[in-house]
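Last residue of the sequence shown: 795 in the UniProt record's numbering, with the numbers rising by one and none dropped. Positions of the beta carbon are idealized from the N, C-alpha and C atoms, including for glycine. Notes follow once the structure below has been shown.
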Amino acid sequence: MDEPVHHHTHAGHGAAPGAGQGHGHEHHHHGAQDALKDPVCGMAVTEASAHHLEHAGRPYWFCSIRCKDKFAAEPQRYAVEAPAPALAPTDPAPAGTIYTCPMHPEIRQDRPGNCPKCGMALEPLLPDLDAEERNPELEDFTRRFWWTLPLTVVVTLLAMVGHRLGLFDMATQSWIELALSAPVVLWAGWPFFVRWAQSLVNRSPNMWTLIGTGTGAAFLYSLVATVAPQVFPESFFAMGRVAVYYEAAAVIISLTLLGQMLELRARSQTSAAIKSLLGLAPKTARRIRPDGGEEDVPLTHVHVGDLLRVRPGEKVPVDGAVVEGASAVDESMLTGEPVPVSKRAGDKLIGATLNTSGALVMRSERVGAQTMLSQIVQMVAQAQRSKAPMQRMADQVAGWFVMVVVGIALLTFFAWGLFGPEPGWVFGFINAVAVLIIACPCALGLATPMSIMVATGKAATRGVLFRDAAAIERLRDVDTLIVDKTGTLTEGKPAFERAVPAPGWDADEVLRLAASLDQGSEHPLADAIVAAARQRGLALDKPEEFESGSGIGVRGRVAGRALALGNTALMQQLGVAVEPLVPQAEGLRAEGASVIHLAVDGQLAGLLAVADPVKASTPEALKTLREAGLRVIMATGDGVTTARAVGARLGIDEVHGEVKPADKLALVDGLQRQGKVVAMAGDGINDAPALAKADVGLAMGTGTDVAMNSAAVTLVKGDLRGIAQARVISQATIANMKQNLGFAFVYNALGVPLAAGLLYPFTGWLLSPMIAALAMSLSSVSVVGNALRLRGSKV
């Protein structure tokens, strides 16, 4: 944990929420430290960071050597955009939050807003655990959508059947449609027109350019047709009025609002992983004062060298070492180890892990940014920001599509005005507007979201939850799969395997005595042994004495006999010879089991093997994945011997044991550098950074919330067979999306030349409003209908 590259945090990661925001710290150096931010990446840092330099007489601190080098190369850029003022130890002012675009991570600014490249709302680099769980933009879009949806429905029905009902003359109906659609277009659609204007100012054509141009043209054309119909040629009058496009503009605005609401809800989950991690740390610590008294203090007030008491059932507040006491500490949330680890004086403790049984006194060694939890938070944040989500296919072509359509519209206007029959300029205006309307991205906008919506619903019925469209798009390209062992390949819960008796002893008697003694223990291994004995109907005796203070096992008396149950260290301490069963113990460990020794009256009675069983579905799942052409790699925090044993049993050739979270992240990164498309499957907090960094993260639904929030795909049942199903769904969905985009472009390819009037010299045909509306409707219906075919696809 000495790598300086990871020594950064946000709001005192691994500390209480709100750390780094200056409260309660007016006279503590840590309070000022936590308020500093790296000017390059925006991550919170401290003055203890090894990376710092001065520029223009002002000191700057950095989270890593990479950020420092970037700053040194272009100091003016970063100093202007995100200055890091030198704060006095008593200065409580926090540095500003840095906002970035999820699609374009290079965009950074110190206030909320929209991305100048794609128009998406910017979001904080790192979430604040104390911030309210609300999204102002989502609330705004939701309000605009629901308030104007009835108007959109009514104006659409009126446009479709109004002339048949005969309630009004058609000229009056145009005014009514204007009154109904104006709030939809001008109020509900206002944010889209703002982004449309930004796309023009920033010279970055995108989907907002199409939507703004199309709906604006449709509405303005219809407005002119309603207010001043006399400017149009006689041929454009039908049923007493010039046909209008109000319903097209209103429907596109409402559909776009709905799509934005769905997208914002999905994006709000991206910060959930980091918030879950931040929430792991306890908010207070019990500090032992020099006079021997104790007090509960906020975690932000804990300093290196403080003595802290950790009672049974409490979380370890920060990283440190045991000073006195012994206990079993559940580290599974961070390390993936399924069995609590025994801790005695001198052993290291990790912040946010759970003390299960005994009381401990510890000395704090790493606080704030230096804790392992803080570093995992940082790795997840970096992984999420190091890869922009894949642009949707519609967005990839939007730039040139917009330019082509606008170019054709202008060409149409001038060609008709200069060379067309009288009144040429009026014809030119009408046809130019028709080009923009027929190219309005109604079908194009629906092409991918409809496929995604249907696919996600289909996948959910199979126990596969996709977080976003990018995950579906990317999964089909995966060629390498990294799997965690504990909880992914295995059940993640210790289960008794067998007892190996010493000469003169019976296996059932060894299990019965061990279970009798373990009735007084809260250790998960003890639970597995007691459960196995009861399942076999063995009569258990009540222990007459019980002692669980050694941290390496338990001791007591059962039926008048002195019993000791624990690891090799306990046997050595008691002078019990274990040599007779050493080969059997090694054999059990080679099979992936934890070995416990039982001594009766100072003599070895036998061994008990407790292991984490492989899930019943795992062998079949691995076979299916190999047949699909995936390279499978196992990476686990468990010991190398255990890992290789499980790998051999499952036919996995490439196995990595004793892997820390940073190692898993490095493994993913290394494979990606080789050009591999990597999926990572895991269930623990220790898997979170790798899940976020992988091209596709696959979390077990039976695992931790942090893993699920870090992953792009969740397998609800924790069954690896879901990966193969998810890939099939991914492949079918991408094919469907390409078909939908094909439909949308075919309609445009046919409709745009007709709208431009290319056929007029030969046939006298111009695109009437009715035909344009019908073409737009048909294109949308074909896209929706094709997407719905996914529901019937076989997985």
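Straight-line gap, residue i to residue j (C-alpha atoms, nearest Å)
i: VAL668; j: GLN535; result: 42 Å
i: residue 818; j: CYS63; result: A query on residue 818 cannot be resolved here, the shown segment of the chain reaching from 1 to 795 and no further.
i: VAL304; j: LEU278; result: 20 Å
i: ARG476; j: VAL610; result: 39 Å
i: PRO191; j: PRO205; result: 16 Å
i: VAL554; j: SER516; result: 12 Å
i: ASP508; j: PRO340; result: 26 Å
i: PHE413; j: ALA432; result: 5 Å
i: PHE219; j: GLN739; result: 30 Å
i: THR300; j: GLY189; result: 46 Å
i: ALA635; j: THR142; result: 43 Å
i: ARG58; j: HIS52; result: 11 Å
i: VAL784; j: ARG66; result: 47 Å
i: VAL478; j: ASP695; result: 8 Å
i: LEU581; j: LYS485; result: 28 Å
i: ASP296; j: ARG309; result: 10 Å
i: ALA471; j: ALA459; result: 12 Å
i: ARG111; j: LYS615; result: 48 Å
i: LYS676; j: LEU481; result: 10 Å
i: TRP208; j: ARG626; result: 43 Å
i: ALA250; j: GLN173; result: 16 Å
i: GLY606; j: GLY792; result: 58 Å
i: HIS23; j: LYS283; result: Only weak support is given to the placement of HIS23: the predicted model assigns it a pLDDT of 34, under 50, and the question is left unresolved by the model.
i: VAL367; j: VAL318; result: 6 Å
i: ALA88; j: ILE98; result: In this predicted model, ALA88 has a pLDDT of only 27, less than 50, meaning its place in the structure is not dependable enough to derive any value.
i: SER521; j: GLY113; result: 56 Å
i: VAL361; j: ALA593; result: 31 Å
CB contact flag (residue i, residue j, <7 Å)
i: VAL530; j: ASP518; result: yes
i: ALA679; j: VAL483; result: no
i: ALA326; j: THR356; result: no
i: PRO229; j: VAL244; result: no
i: ALA345; j: ARG311; result: no
i: GLN672; j: ARG462; result: no
i: LEU604; j: ALA502; result: yes
i: VAL510; j: ALA528; result: no
i: THR624; j: ARG589; result: no
i: residue 801; j: ALA533; result: Residue coverage of the chain in this structure runs from 1 to 795, which leaves residue 801 outside it and unanswerable.
i: GLY407; j: GLY417; result: no
i: GLU234; j: ALA159; result: no
In DSSP terms, what residue i is bridged to
i: LYS343; result: SER327
i: GLY553; result: GLY566
i: ILE633; result: ILE482 and GLU654
i: PHE466; result: VAL713
i: SER364; result: GLY320
i: ILE596; result: LEU608
i: residue 796; result: Within the shown structure, residues of the chain are numbered from 1 to 795, placing residue 796 beyond reach of any answer.
i: GLY697; result: MET680
i: LEU354; result: LYS315 and ASP330
i: PHE237; result: VAL242
i: ASN114; result: ALA121
Residue i classed as buried or exposed, judged by whether at least 16 other C-beta atoms fall within 10 angstroms
i: ARG789; result: exposed
i: HIS25; result: Reliability of the predicted coordinates at HIS25 is poor, the pLDDT of 34 falling under 50, and no value is obtained from them.
i: SER779; result: buried
i: MET700; result: buried
i: ALA84; result: Since pLDDT at ALA84 reaches only 31, below the 50 mark, its modelled position is unreliable, and no value is offered.
i: GLN198; result: buried
i: ILE438; result: buried
i: TRP61; result: buried
i: VAL185; result: buried
i: ALA281; result: buried
i: LEU167; result: exposed
i: ALA539; result: exposed
i: GLU294; result: exposed
i: GLY670; result: exposed
i: PRO494; result: buried
TODO: State whether the segment 747 to 764 contacts the segment 639 to 654, with contact taken as three or more CB pairs (one from each stretch) at a distance under 8 Å.
DONE: no
- [ ] Mind the definition here: the segment 591 to 599 touches the segment 565 to 581 only if three or more C-beta pairs lie below 8 Å; say whether that holds.
- [x] yes
Task: contact_flag[the segment 244 to 256, the segment 152 to 160] where n(CB pairs < 8 Å) is 3 or more - done: yes
Open item on the list: Count Cβ pairs between the segment 485 to 498 and the segment 299 to 317 that sit closer than 8 Å; are there 3 or more?
Closed with: no
Open item on the list: Tell me whether the segment 339 to 353 and the segment 659 to 668 touch, counting them as touching only if at least three CB pairs, one residue from each stretch, are closer than 8 Å.
Closed with: no
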